[in-house]
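Undergrad: According to this note's numbering, the residues represented by the sequence shown are 1 to 402, in order.
Quick reminder that beta carbons are idealized off the backbone N, C-alpha and C, glycines included.
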Amino acid sequence: MTNTFSYHVSESGFYGEFGGAFIPEMLYANVEEIRTKYLDIISEPAFQEEFNHLLRDYVGRPSPLYRAETLSRKYGANIYLKREDLNHTGAHKINNTIGQILLAKRLGKKRIIAETGAGQHGVATATVCALMGLECIVYMGAVDIVRQAPNVARMQMLGASVVPAESGSKTLKDATNEAIRDWINNAETTHYIIGSAIGPHPYPDMVTRFQAIVSEEIQWQLKEKTGKDHPDYVIACVGGGSNAAGAFYHFLHDDRVRLILAEAAGKGIDSGHSAATSILGTKGIIHGCMTLLMQTSDGQIVEPYSLSAGLDYPGIGPMHAHLIKSGRASVYAATDDEAMMAVIELSRSEGIIPALETAHALAILDKMTFKKDENVVISLSGRGDKDLNTYIKYLEDHQIPL
Numbered sequence: 001m002t003n004t005f006s007y008h009v010s011e012s013g014f015y016g017e018f019g020g021a022f023i024p025e026m027l028y029a030n031v032e033e034i035r036t037k038y039l040d041i042i043s044e045p046a047f048q049e050e051f052n053h054l055l056r057d058y059v060g061r062p063s064p065l066y067r068a069e070t071l072s073r074k075y076g077a078n079i080y081l082k083r084e085d086l087n088h089t090g091a092h093k094i095n096n097t098i099g100q101i102l103l104a105k106r107l108g109k110k111r112i113i114a115e116t117g118a119g120q121h122g123v124a125t126a127t128v129c130a131l132m133g134l135e136c137i138v139y140m141g142a143v144d145i146v147r148q149a150p151n152v153a154r155m156q157m158l159g160a161s162v163v164p165a166e167s168g169s170k171t172l173k174d175a176t177n178e179a180i181r182d183w184i185n186n187a188e189t190t191h192y193i194i195g196s197a198i199g200p201h202p203y204p205d206m207v208t209r210f211q212a213i214v215s216e217e218i219q220w221q222l223k224e225k226t227g228k229d230h231p232d233y234v235i236a237c238v239g240g241g242s243n244a245a246g247a248f249y250h251f252l253h254d255d256r257v258r259l260i261l262a263e264a265a266g267k268g269i270d271s272g273h274s275a276a277t278s279i280l281g282t283k284g285i286i287h288g289c290m291t292l293l294m295q296t297s298d299g300q301i302v303e304p305y306s307l308s309a310g311l312d313y314p315g316i317g318p319m320h321a322h323l324i325k326s327g328r329a330s331v332y333a334a335t336d337d338e339a340m341m342a343v344i345e346l347s348r349s350e351g352i353i354p355a356l357e358t359a360h361a362l363a364i365l366d367k368m369t370f371k372k373d374e375n376v377v378i379s380l381s382g383r384g385d386k387d388l389n390t391y392i393k394y395l396e397d398h399q400i401p402l
C-alpha cells in the first residue's frame with residue numbers, strides 16, 4: 001500500500017516545514033553550484049558506472065542481510081541485521097563519501113573538508129581522498145578525539161589532517177562549526193563532504209540518495225530470503241541521520257513498513273544529559289537547515305550528551321523531523337546503559353561487536369512488541385572496534401566479567 005503523502009524533498013529544499021538553506025552569503029555560490037548540478041551529475045551514466053563499480057569492488061557491496069538466530073528466538077520475530085559494519089572502513093559512511101568525492105572531482109574541487117563525531121565519517125572521507133589523491137582536512141571535537149582514538153589514528157594513516165575543535169562541548173556540533181568556518185574561508189577550492197543527512201539543501205537529499213543503496217539492497221535480499229520485498233519494520237539509530245535515511249529511503253511511501261528511529265537518551269531523557277533530539281527538541285535552525293533541535297526558550301543550543309560520539313548531536317536531519325512530525329516514523333530512546341547491554345548481548349550471542357551508535361537501535365527491541373514471524377530489519381550501521389576502550393572501561397566500572 002502506497003502513501004500518497006510526500007516524504008521527499010521539495011524543489012525549494014524542504015521536507016514539509018523542515019529543511020531549506022540558511023547559510024552565510026559567502027557560501028551561497030558553493031551551495032547553489034551543488035544544488036543546480038548535483039542531480040544532473042549523479043544521473044550521468046558515467047557517474048553511475050563509476051559509483052556502482054566502487055561500491056561493488058572497493059567497498060564490497062552488497063552488504064549481507066543476516067538473520068540473527070538468537071535475537072529472533074528471543075523476540076519471536078525474524079530479526080535481520082543489515083551488515084553495513086562489513087563495508088570497507090567499517091560503516092555505512094563510505095557509501096556517501098564515494099558519491100560526494102566523485103561529485104567534487106566533477107566540480108573541479110581540489111581540497112576536501114569534513115566533520116566527524118564517532119570518526120567513521122572522517123575515516124571514510126580520508127579513505128576516498130587517498131583513493132582520489134585529494135587533500136583532506138577532518139574537523140573533530142577534542143573530546144571525541146580522545147574517546148575515538150583508533151579512528152583518529154586511521155585518518156592520520158590515510159594522510160588526513162585531523163583538526164581538533166576546542167570550543168563549546170568539543171564534540172560533533174563544534175566540529176561542524178569549525179568545518180563551516182573553513183568552507184567560508186576556502187569556498188572556491190573546497191568541497192565540504194557532510195556526513196549526515198543534515199545541512200543546507202541539497203545536502204540532506206544528496207546524502208540520502210547516496211545512502212539509498214542500503215534500502216535498495218534490503219528489498220531484493222529480503223525477497224530472496226522470505227518472498228517479500230518489504231520488511232514489517234526497519235529500525236535505525238539516528239543522530240544527524242544518514243544511516244536511517246539510507247535504510248528508510250525505498251520504504252518511505254510504503255505503509256506496510258513501519259519506520260523506527262532510535263535516539264540516544266544518554267543518562268535519561270529528562271536527566272539533563274541526553275541527546276534525544278526529537279523528543280526534547282523544538283523547531284529551529286542549525287548548520288544551515290530548519291529542523292528539530294535541543295534549544296532554550298530564547299534559541300540557545302542545549303549541549304547534548306551521549307556516551308556515543310556519533311549520536312552526540314543537538315539536531316536531527318530535516319527529513320527525519322518531517323517523518324516524525326507527520327507520524328510516518330516512530331521514535332524510541334535508549335540510555336547509555338541500555339545501549340551497553342545491547343552491545344554485550346549481540347557480542348556474546350551472535351559474535352558481532354556493534355558500534356555504540358548501532359547498539360541504540362538494538363536496545364530498543366526490548367521496548368517493542370512484535371507479532372510472530374514479522375520481519376524486522378535493523379541497520380547494523382558500524383562495527384565496534386573504535387569503541388572497544390569505551391566498552392572495556394564500562395565493563396570494568398560495572399564489574400561485568402570480560
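To the nearest angstrom, how far is it from the Cα of G108 to the Cα of E188?
TA: 10 Å
Undergrad: Please classify Y38 as buried or exposed, where buried requires at least 16 neighbouring CB atoms within 10 angstroms.
TA: buried
Undergrad: Can you grab the Cα-Cα spacing for the pair I301 / M294, in whole Å?
TA: 6 Å
Undergrad: For the beta strand (DSSP E) that contains T190, what are its first and last residues?
TA: Start and end: 190-192.
Undergrad: Run the CB neighbour count on N30, radius 10 Å, all protein chains shown included, and call it buried at 16 or more, exposed below.
TA: buried
Undergrad: If we call anything under 8 Å between Cβ atoms a contact, is G141 one with G117?
TA: Yes; because the gap between Cβ atoms is below 8 Å, this pair is in contact.
Undergrad: Can you say whether A179 is buried or exposed, counting buried as having 16 or more other CB atoms within 10 angstroms of its CB?
TA: buried
Undergrad: Looking at the structure shown, is A333 part of a helix, part of a strand, or coil, going by DSSP?
TA: It is a strand residue.
Undergrad: If I'm right that I137 touches V163 with Cβ under 8 Å, what's the distance once you round it to whole angstroms?
TA: 6 Å
Undergrad: What are the boundary residues of the beta strand (DSSP E) that K82 is part of?
TA: It spans 78-83 - the beta strand (DSSP E) in which K82 sits, taken as one unbroken run.
Undergrad: Go ahead and pull the three-state DSSP assignment for E166.
TA: coil
Undergrad: Along the chain, where does the beta strand (DSSP E) that runs through T282 open and close?
TA: 282-286
Undergrad: Would I213 and G246 be called neighbours here (beta carbons separated by less than 8 Å)?
TA: yes
Undergrad: Check the DSSP bridge columns for P354 and list the partner residues they point to.
TA: R383
Undergrad: Rounded to whole angstroms, what is the Cα-Cα separation between L365 and Y75?
TA: 8 Å
Undergrad: Between G266 and Y305, which are expected to be in contact by the criterion C-beta below 8 Å, what is the C-beta distance as a whole number of angstroms?
TA: 4 Å
Undergrad: Would you mind reading off the limits of the alpha helix (DSSP H) that contains M206?
TA: 203-211
Undergrad: Within this structure, are the beta carbons of L259 and T277 separated by less than 8 Å?
TA: no
Undergrad: May I ask which residues mark the beginning and end of the alpha helix (DSSP H) holding E263?
TA: Looking at the DSSP string, E263 is not in any alpha helix (DSSP H); the run it does join, the beta strand (DSSP E), is 258-266.
Undergrad: How many whole angstroms separate the CB atoms of E217 and P62, which I take to be in contact at a CB cut-off of 8 Å?
TA: That belief holds up - the Cβ atoms of E217 and P62 are roughly 5 Å apart, short of 8 Å.
Undergrad: Assuming K170 and Y313 are in contact, meaning their beta carbons sit under 8 Å apart, how far apart are those beta carbons, in whole angstroms?
TA: Their Cβ separation, rounded to whole angstroms, is 13 Å, which puts K170 and Y313 out of contact at 8 Å.
Undergrad: Using the Cβ count rule (16 or more neighbours within 10 Å means buried), how would you classify I400?
TA: exposed
Undergrad: Using the beta-carbon count (16 or more within 10 Å), is D298 buried or exposed?
TA: exposed
Undergrad: Alpha carbon to alpha carbon, what distance is there between R67 and S349?
TA: 13 Å
Undergrad: Ends of the beta strand (DSSP E) at G141?
TA: 135-141
Undergrad: I think G353 touches I79, with their Cβ atoms under 8 Å apart; what is that distance to the nearest whole Å?
TA: According to the sequence shown, residue 353 is Ile rather than Gly. Between I79 and I353 the Cβ distance is about 17 Å, and since that is not below 8 Å, they are no contact.
Undergrad: What do you get for W183, buried or exposed, if any count of 16 or more other CB atoms within 10 angstroms of its CB means buried?
TA: buried
Undergrad: Could you tell me whether the segment 307-326 touches the segment 45-54, where touching means 3 or more Cβ pairs closer than 8 Å?
TA: no
Undergrad: Please classify R328 as buried or exposed, where buried requires at least 16 other C-beta atoms within 10 Å of its C-beta.
TA: Buried, because 16 or more other Cβ atoms sit within 10 Å of the Cβ of R328.
Undergrad: Give the straight-line distance between the Cα atoms of Y58 and L102, rounded to the nearest whole angstrom.
TA: 14 Å
Undergrad: Considering Cα atoms alone, identify which of H360, K82, E17, M206 is closest to M341.
TA: H360
Undergrad: Cα-Cα, which of K93, E135, P231 is closest to W220?
TA: When only C-alpha atoms are compared, the closest one is P231.
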